[in-house]
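If you count by our numbering, then the sequence shown holds residues 23 to 97, one letter each, in order. Don't be surprised by glycine CBs; every beta carbon is placed ideally from N, CA and C. Computed from a prediction, not measured in an experiment: that's the story for all the values here. To keep things clear, I will list the structure first and then write my remarks on it.
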Amino acid sequence: MSNYHIKSLEEYFQVYRKSIRNPELFWEEIAEEHFTWRKRWDEIFSYDFKKPEVKWYEGAKLNITENCIDRHLHI
């Protein structure tokens with residue numbers, strides 16, 4: 023998956039359909055492409071709407087500073 027720079031409504035709907043057809047694959051690709059992980063997740067997401075409870079990237083670890091600041095520094 024490349025970076026999404028959506029230029030039209032049709033492109034938006036293409037990306038949207040992809041996210042609906044296979045949400046686990048869609049969010050896995052987003053996570054792999056846009057973040058540096060210290061430990062990969064065990065599960066992309068899980069949910070129980072009866073509680074309500076939604077969990078994302080369970081078991082994963084990342085360094086927020088590395089992802090938000092360090093990669094933008096030009097040293």
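- DSSP lists Leu84 as the bridge partner or partners of Trp59.
- Burial check for Tyr79: the Cβ neighbour count within 10 Å reaches 16 or more, so the residue is buried.
- Taking C-alpha positions only, Tyr38 is separated from Leu95 by approximately 32 angstroms.
- Taking 8 angstroms as the cut-off, the beta carbon of Asn85 is found no closer than this to the beta carbon of Arg62.
- Pairing Asp70 with Gly81 gives a Cβ-Cβ distance that is not under 8 angstroms.
- Here Trp49 is actually not in contact with Phe35; their C-beta atoms are around 18 angstroms apart, not less than 8 angstroms.
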